Amino acid sequence: MNIFVGSLPFSIDEADLRESFGVYGEVTSVKIITDKFTGRSKGFGFVEMENEADAQKAIEELNGATVGGRAIVVNKSEPKPEGERRSFNNNRSGGGYGNNRGGGNYGGGNSRGGRY
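So the sequence shown is residues 1 to 116, counted in UniProt numbering.
Structure, rendered in structure tokens:
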């Protein structure tokens, strides 16, 4: 089972997280999500446990537990449906805020010209 762990203190590392969940059963993987530019923790991560019963017990007992002065959030990780994933439009032909038809005016980019 893949488990989401949020509100982590920025000082916690993957070994600490593995140890905390390892009390409940075998941990197959641990990943703390980091900022790609700074390398700093984003304060959440994922733990994978093979045994569903062990994972459920870890969720029940660790959700709300205090780690490094912070109450952590622990729950079953559910993949986002495709429709909820963000995609960023890399079309640079328009500009501004609007529908990218026309010039790069702030507040428009529409065919009537950008108005504030």
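Where a beta carbon is used, it is the ideal one built from N, C-alpha and C, also for glycine.
If you're wondering where the values come from, they're calculated on a predicted model, not measured in any experiment.
DSSP state of residue i mapped onto helix, strand, coil
| i | result |
| --- | --- |
| residue 95 | Any reading at residue 95 needs caution, since the residue's pLDDT is 49, under 50, leaving its predicted position unreliable; the model's value is listed next. The answer is coil: DSSP assigns residue 95 none of H, G, I, E or B. |
| residue 36 | coil |
| residue 10 | coil |
Reference residue i, options the options, closest by Cα
| i | options | result |
| --- | --- | --- |
| residue 46 | 55, 66, 36 | 55 |
| residue 17 | 79, 83, 73 | 73 |
| residue 11 | 1, 53, 39 | 39 |
| residue 28 | 35, 70, 69, 14 | 14 |
| residue 68 | 36, 43, 30, 37 | 43 |
| residue 9 | 3, 37, 32 | 32 |
| residue 25 | 53, 7, 82 | 53 |
| residue 2 | 82, 66, 58 | 58 |
| residue 30 | 71, 5, 36, 78 | 5 |
| residue 49 | 77, 83, 81 | 77 |
First through last residue of the alpha helix (DSSP H) which encompasses residue i
| i | result |
| --- | --- |
| residue 14 | 14-22 |
| residue 60 | 52-62 |
Unbroken beta strand (DSSP E) run spanning residue i, endpoints
| i | result |
| --- | --- |
| residue 48 | 41-49 |
| residue 76 | 73-76 |
Given 8 Å as the limit, is there contact between the stretch 55-62 and the stretch 9-29, that is, 3 or more CB pairs closer than that?
yes
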